[in-house]
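The sequence shown begins at 25 in this note's numbering and counts up one residue at a time. Shown next, in structure tokens, is the structure this report addresses.
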Amino acid sequence: MGAEEADAGLAPPEQLLARLTPDTVKLGEPTTLEISITHPTDQRFELKTPGDLGDFEYLGQERKRVDGAQSSTTTIAVKLSAFQMGTLDTPKLELEVFSPQGTATIPAPRARLNVVTALPPDAQTKGANLYDVRNPEELPIRSWRLLYALGIALLLAALGYAITRYLNRPKPVVAEPEKPKEALHVRATRALDALAKDNLPAKGEFKQYYFRLSEIVRGYMGELYGIEALESTTPELLAALRSRVTPGLPMNEVVEFAEASDFIRYAKLEPTPDDCKKHLELGYRIIHSTQGAPKP
Numbered sequence: 025m026g027a028e029e030a031d032a033g034l035a036p037p038e039q040l041l042a043r044l045t046p047d048t049v050k051l052g053e054p055t056t057l058e059i060s061i062t063h064p065t066d067q068r069f070e071l072k073t074p075g076d077l078g079d080f081e082y083l084g085q086e087r088k089r090v091d092g093a094q095s096s097t098t099t100i101a102v103k104l105s106a107f108q109m110g111t112l113d114t115p116k117l118e119l120e121v122f123s124p125q126g127t128a129t130i131p132a133p134r135a136r137l138n139v140v141t142a143l144p145p146d147a148q149t150k151g152a153n154l155y156d157v158r159n160p161e162e163l164p165i166r167s168w169r170l171l172y173a174l175g176i177a178l179l180l181a182a183l184g185y186a187i188t189r190y191l192n193r194p195k196p197v198v199a200e201p202e203k204p205k206e207a208l209h210v211r212a213t214r215a216l217d218a219l220a221k222d223n224l225p226a227k228g229e230f231k232q233y234y235f236r237l238s239e240i241v242r243g244y245m246g247e248l249y250g251i252e253a254l255e256s257t258t259p260e261l262l263a264a265l266r267s268r269v270t271p272g273l274p275m276n277e278v279v280e281f282a283e284a285s286d287f288i289r290y291a292k293l294e295p296t297p298d299d300c301k302k303h304l305e306l307g308y309r310i311i312h313s314t315q316g317a318p319k320p
């Protein structure tokens, strides 16, 4: 560890290794220096951006980290290429360490690379890759005419396809007029009949029973009196009903049902079968007593 790390009081890495893959390359071919650091989990290691590397060229890097229970392992793969033949030590690189105690810079471990010539073994005797002067040769010049012709042909084909699709398009179908909506009291009564048929209280599903019953009754009164009954709280619903003329509406029983329904749905109050029957009958009675009422 360098003096900078010692001053920062950082724990040294448990293990610091380097290896080359491959360790023998031809002149100018890339190799990867893999630096493996095992260190405390609260530290982070980064490769400091290299400067002039002499006989080497920096081609890039990849970094990955694996955290364990007691320590972490950071692997930095540095891609290099060498332009000097012989046995070379990888260039001097530096690692930056970051931790809660501070930051520091330490030297990265180095490895030895064997760089051989890119020419074949008999290059000196046969003169491989050494060519005599040749006469001028004709060079082809790129022409875009074929591509232009192909583009025009594709455009014409697409235009023809679009015209064919347009001519063969399906003719619009005249929609049948919607059937008139059933009367409100008919729809509400059918919903109560379906609820009664499901017999949810006998299955112990009291909360579901009162959710459905409350939705039917609120929906009926909301549509009948023009109020947002389904989205209103119980106090808001009752206030809106009291502000309107509601001939035939048993207001006292509506108040009792709304409050009881809230306790059953949200306070986990368990009703009796008689309560369920009484409130279902109230729903029918509300519809029967108000179905002829004029719209507000």
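Note that beta-carbon positions come from the ideal geometry of N, C-alpha and C, so glycine has one too.
Any non-hydrogen atom of the ligand NAD closer than 7 angstroms to LEU119 Cβ:
Summarising the ligand content, the structure contains no ligands, and the ligand NAD is consequently not present.
With a 10 Å radius around its C-beta and 16 neighbouring C-beta atoms as the bar for buried, classify LEU154 as buried or exposed.
Residue placement at LEU154 cannot be trusted, given a pLDDT of 46 that sits under 50; the coordinates are not used to answer.
Please determine if the region 294-312 and the region 223-238 are in contact, where contact requires at least 3 C-beta pairs separated by less than 8 angstroms.
yes
The beta strand (DSSP E) that contains LYS231, what's its start and end?
Segment 230-249 is the alpha helix (DSSP H) holding LYS231; no beta strand (DSSP E) there.
Tell me which residues share the same chain as TYR289 and place their Cβ nearer than 8 angstroms to its Cβ, disregarding the 5 neighbours each side in the sequence.
According to the sequence shown, residue 289 is Arg rather than Tyr. For ARG289, where only same-chain residues beyond five positions count, the Cβ hits under 8 angstroms are LYS231, TYR234, PHE235, SER238.
In terms of alpha-carbon separation, which member of ALA93, VAL102, GLN39, GLY92 lies closest to GLU70?
VAL102
Among ILE251, GLU247, GLU252, ILE240, the one whose alpha carbon lies nearest that of PHE281
ILE240
Three or more C-beta pairs closer than 8 angstroms, one from the region 201-213 and one from the region 260-271: is that the case here?
These segments do not touch.
What are the boundary residues of the beta strand (DSSP E) that ASP377 is part of?
The first residue shown for the chain is 25 and the last is 320, placing residue 377 beyond what the model contains.
Need the endpoints of the beta strand (DSSP E) that THR62 sits in, please.
54-63
Per DSSP, cross-strand counterpart(s) of THR111
ASN138
Grab the span of the beta strand (DSSP E) containing SER96 for me, first residue to last.
96-106
Pick helix, strand or coil for LYS50, following the three-state DSSP scheme.
strand
Contact under 8 angstroms by Cβ, ALA182 with LEU137
no
Is it buried or exposed for VAL121, if we count other Cβ within 10 angstroms and need 16 for buried?
buried
What residues in its chain sit with their C-beta under 6 angstroms from that of ILE59, if we drop five residues either side in the sequence?
ALA42, ILE100, ALA132
Would you say GLU283 and THR258 are within 8 angstroms of each other, going by their C-beta atoms?
yes
Sort PRO144, ILE61, GLU162 by Cα distance to PRO36 and report the nearest one.
A check of alpha carbon separations from PRO36 across PRO144, ILE61, GLU162 identifies ILE61 as the nearest.
Buried or exposed: where does THR114 fall if 16 or more other Cβ atoms within 10 Å of its Cβ makes it buried?
Under this definition THR114 is a buried residue.
Using DSSP with H/G/I as helix, E/B as strand and the rest coil, what is VAL90?
DSSP places VAL90 in strand when its eight states are reduced to three.
Is the separation between the beta-carbon of GLY33 and that of GLN125 shorter than 8 angstroms?
Yes.
Tell me the DSSP secondary structure of PRO204 in three-state form.
PRO204 falls in the coil class under three-state DSSP.
Do ILE310 and THR213 have their beta-carbon atoms positioned less than 8 angstroms apart in this structure?
no
Candidates PRO64, GLY184, GLY110, GLN94, of which the one nearest SER123 by Cα:
By alpha-carbon distance to SER123, the top candidate from PRO64, GLY184, GLY110, GLN94 is PRO64.
Taking the alpha-carbon positions, what's the HIS303 to ARG193 distance?
57 angstroms
Residues in the same chain with beta-carbon distance under 7 angstroms from GLY321, minus the five sequence neighbours each way, listed in chain order, please.
The structure shown does not extend to residue 321, since the chain is modelled only from 25 through 320, so no value can be given for it.
Beta carbon proximity, ALA106 to chain B, threshold 8 angstroms:
The displayed structure is made up of one protein chain only, and chain B is not part of it.
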